[in-house]
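What follows is a set of notes on a single structure, which appears directly below.
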Amino acid sequence: MWPPVRFLWVPPDLKYLFGLPEVILQGFSRFQKPEIYSLPAAFKRFAYIRSRDGVDENILILLHGLGDSHANFAKLFKQMDLPQTAGLAVTAPDELPLNMGYTWFPAFEPDGELIIYSPGERRRLDGLSETRKRMEGLIENLLQRGWRSKNIFLLGFSQGGTVALDLVCNSSHPLGGVVAVAATLLEEQLRSGVPSRPSKRDSPVLLLHGSHDSVVPLSLARLNRDVLKGVLQDVVLHELPKEHIMISSASEMQLVMKFFSAHLCLRSVALETMPGVVEITPSLS
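With the first letter of the sequence shown counted as 1, position 104 gets the number 451 in this note's numbering; the numbers rise by one all the way through.
Okay, structure coming up:
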C-alpha cells in the first residue's frame with residue numbers, strides 16, 4: 348500500500364521563493380528510528396530489530412504463545428526480512444511458576460489443568476483486560492517514538508494471537524493489521540459478543556488455523572472469524588492441514604508475506620532523497 352504523494356521537487360534556484368529554510372531541504376527524511384533500549388515497565392524482556400534496509404517506516408510487534416518468550420519470535424522476524432519494517436518481539440509480563448515460561452493472562456487452574464470457558468468464569472477475561480491496558484501503553488510508547496498507528500502491525504501465536512486480536516478490536520488507535528496463528532478471541536468474548544462501533548474498523552486481519560487443532564477447535568476459529576467480521580472490515584481465515592503449531596510450511600509463510608505485501612506502508616526513498624524534494628503535507632496519523 349503506497350501512501351499519498353507528500354513531496355514536492357523545488358529547483359535549487361527557486362527554493363528561497365518558497366521561504367523554505369535550508370535545513371528542510373537537506374536530509375529532512377529520517378528513515379531510521381532511534382534504537383529502543385527500554386519499554387514501559389510491563390515489558391522488561393524484548394528484542395528490537397531494525398529494518399535491514401535502514402527504513403523503519405513500519406513496526407511489527409511479535410507476541411509469543413503460552414509458556415514461551417520473545418526469543419524465537421525475534422529469530423522469526425529476522426527470517427521474514429520485511430521491507431521498511433522494524434521488529435519488536437516482546438515477552439509476556441507474567442511469569443509462570445517452575446520456569447515454565449511466560450503468560451499473557453491466567454491460563455491454569457490450581458491443579459495445573461487449563462482454565463476452560465464456563466458461564467461466569469472471568470479470570471482469563473480480567474487478565475486479558477489488564478494486558479490490553481499494558482499493550483495500549485506500548486502502542487502509545489511507539490507513537491511517541493514516531494510511528495503512526497496505521498504503521499503498527501501485530502503477529503501473534505496462540506495466546507499471543509488472542510492478545511493481538513483483542514487489541515485490534517478494542518484499541519483507541521486504528522492499527523495497521525494483525526496476523527493471528529492458531530488463535531481466537533477468548534471464548535468468553537465470542538459467546539458474549541464484541542462491543543460494536545459506529546463503523547467497522549479498517550484494520551485487516553489474517554487468521555491461520557489448523558484443521559486438526561485440538562487446543563483451539565476449528566469450529567471456534569470459524570465463530571471467531573464471524574464475530575470479527577462484525578467489527579472489522581477485512582477478516583480472512585485460512586484453514587490449513589496442521590495441528591496447534593506456529594507457521595510450519597512455505598505455503599503458510601507465503602500467505603503471511605502476501606498479507607504484509609498488501610498492507611505495509613512503503614516510502615518512496617529514491618524520491619524523498621532527491622535534491623530539492625520537500626515534504627509539503629504532514630504524515631498521516
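Using N, Cα and C, we set each Cβ at its ideal position, and we do this for glycine too.
Asked	Found
Look up leucine 512 in the DSSP assignment and give the residues it is bridged to.	Leucine 512 is not bridged to any residue.
Between which two residues does the alpha helix (DSSP H) harbouring threonine 478 extend?	470-491
Using alpha carbons as the reference points, say which of Gly459, Glu586, Trp451 lies closest to leucine 445.	Gly459
Whole angstroms are fine: how far does the CA of serine 550 sit from the CA of leucine 407?	14 Å
Mind checking which residues open and close the alpha helix (DSSP H) that includes phenylalanine 607?	597-610
Identify which residue in Leu567, Arg572, His591 has its Cα closest to the Cα of aspartate 560.	His591
Between Leu429, Gly434, Gly401, which lies nearest to histidine 417 when the distance is taken from Cα to Cα?	Gly434
Assign glutamate 404 to buried or exposed, taking buried as 16 or more other Cβ atoms, counted over all protein chains shown, within 10 Å of its Cβ.	buried
In the DSSP output, what is threonine 432 paired with across the bridge?	Asn405
Report all residues from its chain with a CB closer than 8 Å to the CB of leucine 537; omit the five preceding and five following residues, and keep chain order.	Thr531, Leu567, Leu570, Asn571, Val574
Considering only the beta carbon of each residue, do alanine 527 and leucine 485 sit closer than 9 Å?	no
Please check the pair leucine 522 and serine 543, which I expect to be a contact at CB under 8 Å, by giving their CB distance rounded to whole angstroms.	18 Å between Cβ atoms; not a contact.
With distances taken from CA atoms, which of Met427, Ser385, Ser595 is nearest phenylalanine 607?	Met427
Where does leucine 553 fall in DSSP's three states?	strand
Quick check: what's the CA-CA separation for leucine 611 versus proline 457?	43 Å
Looking at chain D, is there any beta carbon in it that lies within less than 9 Å of the beta carbon of glutamate 460?	Judged by its chain identifiers, the structure shown contains no chain D, having just a single protein chain.
Taking all protein chains shown into account, do 16 or more other C-beta atoms lie within 10 angstroms of the C-beta of leucine 594, making it buried, or fewer, making it exposed?	The question names leucine, yet the displayed sequence has isoleucine at residue 594. Classification of isoleucine 594: buried, given that the 10 Å Cβ count is 16 or more.
Opposite aspartate 560 in the DSSP bridges: which residues?	For aspartate 560, which the question treats as bridged, DSSP gives no partner whatsoever.
Tell me the rounded alpha-carbon separation between leucine 637 and serine 505.	One cannot answer for residue 637 here, as it falls past the ends of the chain, which runs 348 to 632.
Are threonine 432 and serine 398 closer than 9 Å when you measure CB to CB?	yes
Take glycine 401 as the anchor and find which of Val510, Leu587, Leu512, Glu382 has the nearest alpha-carbon.	Glu382
Taking the DSSP output, what are the residues bridged to glutamate 586?	His556
Counting along the chain, where does the alpha helix (DSSP H) carrying valine 526 start and finish?	Not the alpha helix (DSSP H): valine 526 falls in the beta strand (DSSP E), residues 524-528.
Please determine, among Leu423, Val603, Ala421, Leu553, the residue with the shortest C-alpha to C-alpha distance to valine 583.	Leu553
Could you tell me the alpha carbon to alpha carbon distance between proline 430 and glycine 412, rounded to whole angstroms?	25 Å
Just the C-alpha distance for arginine 548 and serine 539, rounded to the nearest angstrom, thanks.	20 Å
Return the CA-CA distance between leucine 386 and phenylalanine 424, expressed in angstroms with no decimal places.	19 Å
Between the Cα of glutamate 468 and the Cα atoms of Pro453, Val541, Ser615, which residue gives the shortest distance?	Pro453
In this structure, how does DSSP classify valine 578 when only helix, strand and coil are distinguished?	coil
Under 8 Å from any heavy atom of the ligand PLP, does the C-beta of lysine 480 make it?	Ligands displayed in this structure: none; no statement on the ligand PLP is therefore possible.
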